[in-house]
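First comes the structure, then the notes that go with it.
There are 2 protein chains.
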Amino acid sequence: MSILVVGSIAYDTVETPFRSVKDSPGGSALYFSMAASFFSAVNVVGVVGTDFDLQKIQFTRPCPISFDGLDVQEGKTFRWGGRYYEDPNQRDTLFTLLNVFEDFKPLIPAHYRKSKIVFLANIDPELQLQVLEQIEHPELVVLDTMNFWISSKRTALDKVIGHTQIIILNDQEIRQLTGTANLIAGGQKILEKGPQVVVIKKGEHGAIMMQKQSIFSAPAYPVNNVVDPTGAGDSFAGGFVGYLARQGVFDESEIRKAMIYGTVIASFNVEDFSFNRLVNLTEADLQARYEDLKRMMQF
Amino acid sequence: MSILVVGSIAYDTVETPFRSVKDSPGGSALYFSMAASFFSAVNVVGVVGTDFDLQKIQFTRPCPISFDGLDVQEGKTFRWGGRYYEDPNQRDTLFTLLNVFEDFKPLIPAHYRKSKIVFLANIDPELQLQVLEQIEHPELVVLDTMNFWISSKRTALDKVIGHTQIIILNDQEIRQLTGTANLIAGGQKILEKGPQVVVIKKGEHGAIMMQKQSIFSAPAYPVNNVVDPTGAGDSFAGGFVGYLARQGVFDESEIRKAMIYGTVIASFNVEDFSFNRLVNLTEADLQARYEDLKRMMQF
Chain L
59 MSILVVGSIA YDTVETPFRS VKDSPGGSAL YFSMAASFFS AVNVVGVVGT DFDLQKIQFT
119 RPCPISFDGL DVQEGKTFRW GGRYYEDPNQ RDTLFTLLNV FEDFKPLIPA HYRKSKIVFL
179 ANIDPELQLQ VLEQIEHPEL VVLDTMNFWI SSKRTALDKV IGHTQIIILN DQEIRQLTGT
239 ANLIAGGQKI LEKGPQVVVI KKGEHGAIMM QKQSIFSAPA YPVNNVVDPT GAGDSFAGGF
299 VGYLARQGVF DESEIRKAMI YGTVIASFNV EDFSFNRLVN LTEADLQARY EDLKRMMQF
Chain V
59 MSILVVGSIA YDTVETPFRS VKDSPGGSAL YFSMAASFFS AVNVVGVVGT DFDLQKIQFT
119 RPCPISFDGL DVQEGKTFRW GGRYYEDPNQ RDTLFTLLNV FEDFKPLIPA HYRKSKIVFL
179 ANIDPELQLQ VLEQIEHPEL VVLDTMNFWI SSKRTALDKV IGHTQIIILN DQEIRQLTGT
239 ANLIAGGQKI LEKGPQVVVI KKGEHGAIMM QKQSIFSAPA YPVNNVVDPT GAGDSFAGGF
299 VGYLARQGVF DESEIRKAMI YGTVIASFNV EDFSFNRLVN LTEADLQARY EDLKRMMQF
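Right, here's the structure in full:
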């Protein structure tokens, strides 16, 4: 099954204690797609400026990503700048220039409207609702969001959550959304709002998957050379949804495996700037870390 | 095999947003012993004042804990006061009154000097060295410490680490000890100093066990009613070392299971003040959560 993803496409400027990059391709939709394309075809809907050059992304593996839904607008592409520190859990946003993204109105091409799997990357929940209105009968809607929308667009966000099967949040977002310090209690609150599955991303502490009757806990893959954490969450989501799309089955057993594939892809993604590490990754690389994680969890 | 534990015995005063307790029994050695006694005999060496009343601890299960090594000194028992908040990961120390603990000189009774398993709970590393000098041929030395000793008694601490097989630290301590933000890289540094095993406690994010060639990651048991986190780390260590002592085998397979038993005991301990939840816990309670964790980690 193919995936429809709607989200941001950006040029990122990233500073780390070791090295920096300027205007490297990024954004939630691109990180997601690069990761998901290991498993499944991905159709991207987003907006870029006339300065965006898709050709500059060098793929050394076949990536079944379609950019038919890319809206090219006169002007500049969304730009984000951030700085990381010795402790990669610390991040400062240096600038956010929305540019053409400011007036983004997601228009889903006719041939994508029958999409069965939709990933709503982190954008304004009002736009996420507009996306859902254009999809005929989605079977699996997976939602991401962020602190900014939780505080500023709560009504629209709650509506999107009501149409969502799987919601992916980080630990801070779940606390903010539920007003509950305890992650498990917070997850249970969200399960009462509609989603059947809550995935809690905890960065270097791994991720938790909660359903009403069960919990699955995935450790982070131990990476001791984190170069650039940008896109870790989106590439996790890409591996997760991509695997489910390939299997075409969304039961608990597959969701658990999808958590591990998401973890594996995110672990590679942080080993280089942008999604450089993902463009030449092999199936064997993925499988090796999948098996490593299995061993790390056995007793 | 029995365990020798040397550490603090205290009266704790704890405030939480829900309820408070005054002068309830605590301290690293007591929390450890209560937890370890599910699996193995424990011999405690520590100091208390004449105000300490062992009889007040009501056991509803047989606890093979010997207090032959308890030094009762004229004066008051060590007292600690702390306050927790809505988010139980936040804690303020309100007071620390060392009292008789200030002049503690651990004297190991003759019949404990052949102990094969020693748990050095968090006390001054110079005292920990004095303990080790009195033990004839320990097979398994397990070490705990804290930020205060890492900064103030580094030379002595490094000596203790050199005699330690298993070191148990929390994430902040490992960062402080190694000057490394990345926990995995930090753990690897410590493995070069002597210990064969590093256990990293991460509170609600579980615990990691590292050896030179392998990593095991245990999630926290999902507790949504944390009443009092005091003693979580010591009860984890108690379950961990207690299980190993019962098995009498310290290989990786047993160490992984020990991590899970430590996790289980700590999860019960935080559900009530002091170690109230541990005094009437049953083997079946433990086993149920052990199996829950197994299910939480399977894919």
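First to last, the sequence lines map onto chains L and V.
For the first sequence, position 269 matches number 327 in this note's numbering, and the numbering has no gaps at all.
For the second sequence, position 265 matches number 323 in this note's numbering, and the numbering has no gaps at all.
All C-beta atoms in this analysis are idealised placements derived from N, C-alpha and C, irrespective of residue type, glycine included.
Contacting residues, own chain, Cβ-Cβ under 7 Å from glycine 244 of chain V (five flanking each side not counted): Looking up residue 244 of chain V in the second sequence gives position 186. Hits under 7 Å: Ile232, Arg233, Thr236, Thr238.
On the three-state DSSP scale, how would you describe glutamate 349 of chain V? Taking the second sequence and counting its residues from 1, the one referred to as residue 349 of chain V is at position 291. If DSSP states are grouped into helix, strand and coil, glutamate 349 of chain V belongs with the helices.
Just curious, the alpha helix (DSSP H) that asparagine 327 of chain L is in, first and last residue? Walking along the first sequence from the start, residue 327 of chain L turns up at place 269. Here the alpha helix (DSSP H) through asparagine 327 of chain L covers 310-327.
For the structure I just gave you, are there three or more beta carbon pairs, one from the region 281-300 of chain L and one from the region 169-185 of chain L, closer than 8 Å? yes
Do tyrosine 69 of chain V and serine 60 of chain V have their C-beta atoms within less than 8 Å of each other? Counted from its first residue, the second sequence places residue 69 of chain V at position 11. Counted from its first residue, the second sequence places residue 60 of chain V at position 2. Their beta carbons are not under 8 Å apart, which means tyrosine 69 of chain V does not touch serine 60 of chain V by this criterion.
Note down the Cα distance separating valine 200 of chain L from isoleucine 318 of chain V, rounded to an integer number of angstroms. As a first step, residue 200 of chain L is located in the first sequence; it is residue number 142 there, counting from the start. As a first step, residue 318 of chain V is located in the second sequence; it is residue number 260 there, counting from the start. When rounded, the distance between both Cα atoms is 32 Å.
Return yes when the Cβ of phenylalanine 357 of chain V is within less than 8 Å of the Cβ of lysine 270 of chain L, no when it is not. In the first sequence, the residue the question calls residue 270 of chain L occupies position 212. In the second sequence, the residue the question calls residue 357 of chain V occupies position 299. No; because the gap between Cβ atoms is not below 8 Å, this pair is not in contact.
Can the beta-carbon of glycine 104 of chain V be found less than 8 Å from the beta-carbon of lysine 134 of chain V? Walking along the second sequence from the start, residue 104 of chain V turns up at place 46. Walking along the second sequence from the start, residue 134 of chain V turns up at place 76. No. Outside cutoff.
For asparagine 420 of chain L, collect the residues of the same chain with a Cβ closer than 7 Å to its Cβ; drop the 5 residues on either side in sequence, then sort them by chain order. Because chain L in this structure spans residues 59 to 357, residue 420 of chain L falls outside the shown range and cannot be described.
Identify every residue that forms a DSSP beta bridge with valine 130 of chain V. To locate residue 130 of chain V, count along the second sequence from 1; it is residue 72. In the DSSP output, where bridge partners are listed per residue, valine 130 of chain V has V:Val106.
Return the chain-ordered list of same chain residues with a C-beta closer than 8 Å to the C-beta of histidine 169 of chain L, the five sequence neighbours on each side being excluded. Working through the first sequence from its first residue, we reach residue 169 of chain L at position 111. Asp126.
Against phenylalanine 298 of chain L, what residues of chain V qualify as contacts under a CB-to-CB distance less than 8 Å, listed in chain order? Residue mapping note: residue 298 of chain L aligns to position 240 of the first sequence, counting from 1. What phenylalanine 298 of chain L touches in chain V: nothing, since even the nearest Cβ is about 13 Å away.
Under 8 Å from the C-beta of isoleucine 323 of chain V: neighbouring residues of chain L: One-based indexing of the second sequence puts residue 323 of chain V at position 265. Near isoleucine 323 of chain V there are no residues of chain L at all, since even the closest Cβ is about 16 Å away, more than 8 Å.
Nearest residue (CA-CA) to asparagine 76 of chain L, options L:Tyr301, L:Met204, L:Glu144: For this step, residue 76 of chain L is matched to residue 18 along the first sequence. The displayed chain sequence assigns phenylalanine, not asparagine, to residue 76 of chain L. When only C-alpha atoms are compared, the closest one is L:Glu144.
Which residues in chain V sit within 7 Å of proline 277 of chain L, going by Cβ to Cβ distance? Taking the first residue of the first sequence as 1, we reach residue 277 of chain L at position 219. Result: Ser275.
Helix, strand or coil for glycine 296 of chain V per DSSP? The count along the second sequence starts at 1 and reaches residue 296 of chain V at position 238. Note: glycine 296 of chain V maps to helix in three-state DSSP.
Give me the chain L residues within the contact set of alanine 243 of chain V, using Cβ-Cβ distance strictly less than 7 Å, ordered along the chain. Locating residue 243 of chain V in the second sequence gives position 185, counting from the first residue. What alanine 243 of chain V touches in chain L: Asn282.
For the ligand NAD, is there a heavy atom less than 7 Å away from the beta-carbon of methionine 268 of chain L? Ligands displayed in this structure: none; no statement on the ligand NAD is therefore possible.
Which one of L:Ile323, L:Arg304, L:Ala346, L:Asp292 has the shortest CA to CA distance from valine 63 of chain L? Position 5 of the first sequence, counted from the start, is the residue given in the question as residue 63 of chain L. Residue L:Asp292 is the option with its Cα nearest to valine 63 of chain L.
Chain-ordered residues of the region 200-212 of chain V with a beta carbon less than 8 Å from chain L: none
So the beta strand (DSSP E) isoleucine 370 of chain L belongs to, where does it begin and stop? What is shown of chain L runs 59 to 357, which leaves residue 370 of chain L out entirely.
Secondary structure at aspartate 202 of chain L, three-state DSSP: helix, strand or coil? By 1-based counting over the first sequence, the position of residue 202 of chain L is 144. The answer is strand: DSSP assigns aspartate 202 of chain L an E or B state.
Every unbroken beta strand (DSSP E) within the region 238-272 of chain L, with a cutoff of 3 residues, ordered by chain: 255-259, 265-269
Backbone CA spacing between isoleucine 323 of chain L and arginine 347 of chain L [nearest angstrom]: In the first sequence, counting from the first residue as 1, residue 323 of chain L sits at position 265. In the first sequence, counting from the first residue as 1, residue 347 of chain L sits at position 289. Going from the Cα of isoleucine 323 of chain L to the Cα of arginine 347 of chain L covers about 9 Å.
Which class does threonine 154 of chain L belong to by DSSP, given the choice of helix, strand or coil? Counting from 1 along the first sequence, the entry for residue 154 of chain L is found at position 96. Looking at threonine 154 of chain L - three-state DSSP - the assignment turns out to be strand.
Please confirm whether lysine 260 of chain L has its beta-carbon closer than 8 Å to some beta-carbon of chain V. For the purposes of this step, residue 260 of chain L is taken as the residue at position 202 of the first sequence. Yes, lysine 260 of chain L lies at the interface with chain V (some Cβ there is under 8 Å from its Cβ).
Are the C-beta of histidine 169 of chain L and some C-beta of chain V separated by less than 8 Å? Position 111 of the first sequence holds residue 169 of chain L. Histidine 169 of chain L does not count as touching chain V.
Where arginine 77 of chain V sits in the DSSP three-state scheme: Sequence index remark: in the second sequence, residue 77 of chain V carries index 19 (1-based). DSSP places arginine 77 of chain V in coil when its eight states are reduced to three.
Please name the residues in the region 141-168 of chain V whose beta-carbon is closer than 9 Å to at least one beta-carbon of chain L, in chain order. Tyr143, Glu144, Asp145, Pro146, Asn147, Gln148
With DSSP run on the structure shown, which of helix, strand or coil describes arginine 149 of chain L? Here residue 149 of chain L refers to the residue found at position 91 when the first sequence is read from its first residue. Arginine 149 of chain L falls in the strand class under three-state DSSP.
Buried or exposed (CB count within 10 angstroms, at least 16 for buried), proline 277 of chain L: As a first step, residue 277 of chain L must be located in the first sequence, where it is residue number 219. The residue is buried, with at least 16 neighbouring Cβ atoms inside 10 Å.
Chain-ordered neighbours of phenylalanine 308 of chain V on chain L, where CB pairs are closer than 9 Å: For the purposes of this step, residue 308 of chain V is taken as residue 250 along the second sequence, with counting starting at 1. Under the 9 Å cutoff, chain L gives no residues; its nearest Cβ is about 15 Å from phenylalanine 308 of chain V.
Just to confirm, are glycine 140 of chain V and threonine 288 of chain V a CB contact at a threshold of 8 Å? Here residue 140 of chain V corresponds to residue number 82 of the second sequence, with the count starting at 1. Here residue 288 of chain V corresponds to residue number 230 of the second sequence, with the count starting at 1. Contact flag set, yes.
Through-space distance from glycine 65 of chain V to isoleucine 313 of chain L, alpha-carbon basis: The count along the first sequence starts at 1 and reaches residue 313 of chain L at position 255. The count along the second sequence starts at 1 and reaches residue 65 of chain V at position 7. Cα-Cα distance, rounded: 45 Å.
Check the C-beta distance from glutamine 223 of chain L over to leucine 198 of chain L and give it rounded, since I have them as a contact under 8 Å. The sequence position of residue 223 of chain L within the first sequence is 165, counting from 1. The sequence position of residue 198 of chain L within the first sequence is 140, counting from 1. Indeed they touch by this definition, with Cβ atoms about 5 Å apart.
Determine whether the Cβ of alanine 346 of chain L lies closer than 8 Å to any Cβ atom of chain V. Position 288 of the first sequence, counting from 1, holds the residue named residue 346 of chain L. No, because no Cβ of chain V sits closer than 8 Å to the Cβ of alanine 346 of chain L.
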